Structure formats: C-alpha cells, structure tokens
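Undergrad:
Number of protein chains: 2
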Amino acid sequence: MAATDNSEALTQRLADSGLRSTPQREVVYNVLLNKRDHPTADEVFSRVKSELPTISLATVYNCLETLVQCDLVRAVNFEREPTRYCPNLQPHAHFHDEQTGRTHDIELPPTVLAELNGVLPRGFDAKSVEITFRGKATKTVAGSG
Amino acid sequence: MAATDNSEALTQRLADSGLRSTPQREVVYNVLLNKRDHPTADEVFSRVKSELPTISLATVYNCLETLVQCDLVRAVNFEREPTRYCPNLQPHAHFHDEQTGRTHDIELPPTVLAELNGVLPRGFDAKSVEITFRGKATKTVAGSG
DNA sequence: CTTTTATTTAGAATAGTTCTAATTCCGGCT
DNA sequence: AGCCGGAATTAGAACTATTCTAAATAAAAG
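Sequence order for the protein chains is A and B. The numbering of the first sequence is the numbering used here, which starts it at 1006 and goes up by one. The numbering of the second sequence is the numbering used here, which starts it at 1006 and goes up by one.
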C-alpha cells in the first residue's frame, strides 16, 4: 500500500485552528491512516521513529492531542488501558476482543443512534455517545487490528 | 437514610467465590450502597475511614476489586479519569456531565439493548456493552451524583 | 535579518493503581 | 484453649501512562 499523504487536508485543518503543519504532525497522522489498528501512543511512537528517528514521545503525545482537537482523529479508551487512536471519523462503536486485545470498528446505523438518544430523559443533552462491546471475535477481519 | 446493611447477601456472594466476609469488605460495600454517586477509590477511602479509621488505601482497592469480581459492583471508566464504582447491577448506560463531572445512570430498555446487539456482524460475540453519553445535564436529578 | 511566536525536545513530575513483603486475622483441628 | 495454615490487611515502594517544565529549535512576520 502506498503511504497515504493527506498533507493538504491536514494542513487545512490545522490552519483552521491557527496551527502549523509540521513534519511530526504529518508523519503521526499518516501513521494513523496507514495502519488503522488503533495503536497506542507508544505504538505510534515506534512507527513514527522509522521515518523521524529523532522524534520524542512527548511530541507524539502532543501531535496526537492536536489531531484529536482538530477532529481528525478520535481517542479511544478501554478500561484503564493506554489510550488508542483511531482515524475513523464516522460514528461507530468499538469491539474490544478480550483474547487478542484487538479493536474492531463496528458500523452504527443512524437508526440505532437515534434510538439511543431516545433513552435519555429530559434534561440530558448529550454531545456524544461512546459504545464499546467486549467479548471475543471468532473471525478475524482484514483491516482491523 | 438508615445505613444499608446487606451483610448476609454480601457474605453469601463472597462465600460463593470462596472468600471471607470482613469488616473492610462490608464497610466498603455499604459505602457504595449508601451513596450511589459513583465515587472513586479515593472517595470511597475517605468515606470508609470514618468507620474504619485504620483502613489502608490498598485495602480499599482490594475490596473494590473483590466486589467487582463477585459481581456486586461495576467499575466504570471515563476517558483516563480515575475508575468509579457503581452498585447498580441493572443494565444501564452512564451520562457523564462535563460541567459538573457528575455521573448519572440511564436506564436501558431491553429493546434498545437488543437492537444494539443487532449491529454486530457475524463472528462478533459480545459479552457486554458499555454505553457512555457525554454532555451536560440541565436538570439535577436527586440520588445521582 | 531580527523579532516573535509556535513547536519540539528531554527529562522531571504527577496520578492512579498495583505490587511486595511483612503482619494480622480467623477458621479448623486437636 | 492452643496451634497451624491460608486468607486478608497494611504501609510503602514500584510501576505506567501521561502531562508538565524549561530550554532549544524552527519558522513566520515585520
């Protein structure tokens, strides 16, 4: 697979927030786009290092935080495990495989989302919902990790 | 409200797992039952201390872990915040109020739960689902915290 | 160019939780 | 009653993921 290069899109989004496009931010972003297996910051760090050997872990954290702020990436948490990062911006749930530790994106039909918002009593104004399944996946699905 | 004393039920559940009922476990459990505001381990610690002044934080963590194992209590996580504990065993979602930090239980009709399981593709066998709303609650609801 | 501001960096600091090793507690046996 | 053995508690050290700090670097603006 050719390395994704969404630098224009990224640059645009960063600019919208008054931020600069930097090599570090670009490489971190591309790492997330190229292997969408919900890596942790540490995993991103080691992947990025092959392209930018002198990058620091703090910078990786900074870049990830920036990408999340710009709505280019979602941060995903399972229990107290290290935060994982996900470039899928469609509304979706996560399936966390207890055996393998792998995370799979689960598409969420708008009907289900609508029904979910229906369960909120008056006075509760939700900005976002997070849905996490936990269990075991009997089939491995290409592209997830 | 009189202090809840579910010691028989607790003793039973513990025994089922080959564990003993201890003053520490009982007080920790009662603290959770008496104020269902999803306290953190630290909060439980300080509440328990008024009854058992010499208890240690490690013991509070141990007891909470034990109660979770025995299915008497649920551990709840929001992002990377400290784990909170919830004695509500009915299937329910959580609403996390961003302004106040308070957590509210949201009842989940079985129909919604069923529909949710429907979104899982073949090969995904979910043991549990976790649903977290994030936003602001315009009304304060008695009994939640 | 120089100034200003953003970004990166290494390492220290922090926070929540778990681990370790020693002590205490308690039930069952004599 | 007294002892044994496993379970539970404890204090404090250790650990891990993350954030903070302060200095160095880079890059835009004047």
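We put the beta carbon where it would ideally sit given N, CA and C, even for glycine. Because the structure is a prediction, the values reported are computed rather than measured.
#1: Going by DSSP in three states, G1140 of chain A sits in which element: helix, strand or coil?
#2: D1021 of chain A lies in the alpha helix (DSSP H); which residues open and close that run?
#3: Which whole-angstrom value is the C-beta distance of P1087 of chain B and D1047 of chain B, which I expect to be below 8 angstroms?
#4: Answer with buried or exposed for G1092 of chain A, where buried requires no fewer than 16 other C-beta atoms within 10 angstroms of its C-beta.
#5: Which class does C1091 of chain B belong to by DSSP, given the choice of helix, strand or coil?
#6: Could you give the residue range of the alpha helix (DSSP H) that holds E1157 of chain B?
#7: Buried or exposed: where does Q1074 of chain B fall if 16 or more other Cβ atoms within 10 Å of its Cβ makes it buried?
#8: Consider the Cβ of R1139 of chain A: report whether some Cβ of chain B lies at a distance smaller than 7 angstroms.
#9: Note down the Cα distance separating H1097 of chain A from D1110 of chain A, rounded to an integer number of angstroms.
#10: Using a Cβ-Cβ distance under 7 angstroms, would T1105 of chain B count as near chain A?
#11: Quick check on this structure: which residue in B:E1112, B:G1123 and B:G1106 has the alpha carbon closest to the alpha carbon of L1113 of chain A?
#12: Compute the Euclidean distance between the alpha carbons of H1099 of chain B and V1081 of chain B, then round it to the nearest angstrom.
#13: Tell me the DSSP bridge mates of D1076 of chain B?
#14: Please classify D1130 of chain B: is it buried, with 16 or more other beta-carbons within 10 angstroms of its beta-carbon, or exposed?
#15: Is there a Cβ from chain A that is less than 7 angstroms from the Cβ of V1124 of chain B?
#16: Is there at least one Cβ from chain B nearer than 7 angstroms to N1093 of chain A's Cβ?
#17: Is the segment 1026-1035 of chain A close to the segment 1060-1072 of chain A, with three or more CB pairs under 8 angstroms?
#18: Please report how far the alpha carbon of T1045 of chain A lies from the alpha carbon of G1106 of chain A, in whole angstroms.
#19: With DSSP as the reference, please indicate the residues paired to E1112 of chain A in a beta bridge.
#20: Is the Cβ of F1050 of chain A closer than 7 angstroms to any Cβ of chain B?
#21: What is the residue span of the alpha helix (DSSP H) that R1052 of chain A lies within?
#22: Using the beta-carbon count (16 or more within 10 Å), is R1079 of chain A buried or exposed?
#23: Taking all protein chains shown into account, decide if R1025 of chain A is buried (16 or more other Cβ within 10 angstroms of its Cβ) or exposed.
#24: Roughly how many whole angstroms lie between the Cα atoms of Q1104 of chain A and T1116 of chain B?
#25: I need the DSSP call for V1065 of chain B, collapsed to helix, strand or coil.
#26: Within the same chain, show all residues whose beta-carbon is closer than 6 angstroms to that of I1136 of chain A, passing over the 5 residues directly before and after it, in chain order.
#27: Tell me the rounded alpha-carbon separation between I1060 of chain B and L1037 of chain B.
TA: To lay it out plainly:
#1: It is a strand residue.
#2: Counting along the chain, D1021 of chain A sits inside the alpha helix (DSSP H) bounded by residues S1012 to D1021.
#3: P1087 of chain B to D1047 of chain B, Cβ: 7 angstroms. Contact.
#4: One point to set straight first is that residue 1092 of chain A is Pro, not Gly, in the sequence displayed. The residue in question, P1092 of chain A, is buried, as its Cβ has 16 or more Cβ neighbours within 10 Å.
#5: In the structure shown, the three-state DSSP call for C1091 of chain B is strand.
#6: It is not possible to answer for residue 1157 of chain B, since the shown part of chain B is limited to 1006 through 1150.
#7: By the C-beta density criterion, Q1074 of chain B is exposed, having fewer than 16 other C-beta atoms within 10 angstroms.
#8: Taking 7 angstroms as the CB threshold, R1139 of chain A lines the interface with chain B.
#9: Cα to Cα, H1097 of chain A sits roughly 6 angstroms from D1110 of chain A.
#10: For T1105 of chain B, no Cβ of chain A is located within less than 7 angstroms of the residue's own Cβ.
#11: For L1113 of chain A, the closest alpha carbon among the candidates B:E1112, B:G1123 and B:G1106 is that of B:G1123.
#12: Between H1099 of chain B and V1081 of chain B, the C-alpha separation is close to 9 angstroms.
#13: None, per the DSSP bridge assignment.
#14: It is exposed - the Cβ of D1130 of chain B has fewer than 16 other Cβ atoms within 10 Å.
#15: Yes, its Cβ sits closer than 7 angstroms to a Cβ of chain A.
#16: No, N1093 of chain A lies away from the interface with chain B (no Cβ there is under 7 angstroms from its Cβ).
#17: Contact between the segment 1026-1035 of chain A and the segment 1060-1072 of chain A is present: three or more C-beta pairs spanning the two stretches fall below 8 angstroms.
#18: Rounded to whole angstroms, T1045 of chain A to G1106 of chain A spans 12 angstroms at the Cα level.
#19: E1112 of chain A is bridged to A:H1097.
#20: Judged by the 7 angstroms Cβ criterion, F1050 of chain A is not in contact with chain B.
#21: Annotation for R1052 of chain A: the continuous alpha helix (DSSP H) segment containing it runs A1046 to K1054.
#22: Result: buried.
#23: Within a 10 Å sphere around the beta-carbon of R1025 of chain A sit fewer than 16 other beta-carbons, which makes this residue exposed.
#24: Between Q1104 of chain A and T1116 of chain B, the C-alpha separation is close to 29 angstroms.
#25: Reduced to three states, the DSSP call for V1065 of chain B is helix.
#26: Sequence-distant partners of I1136 of chain A (beyond 5 residues in either direction) whose C-beta falls short of 6 angstroms from its own C-beta, in its chain, are A1098.
#27: Their Cα atoms are separated by approximately 16 angstroms.
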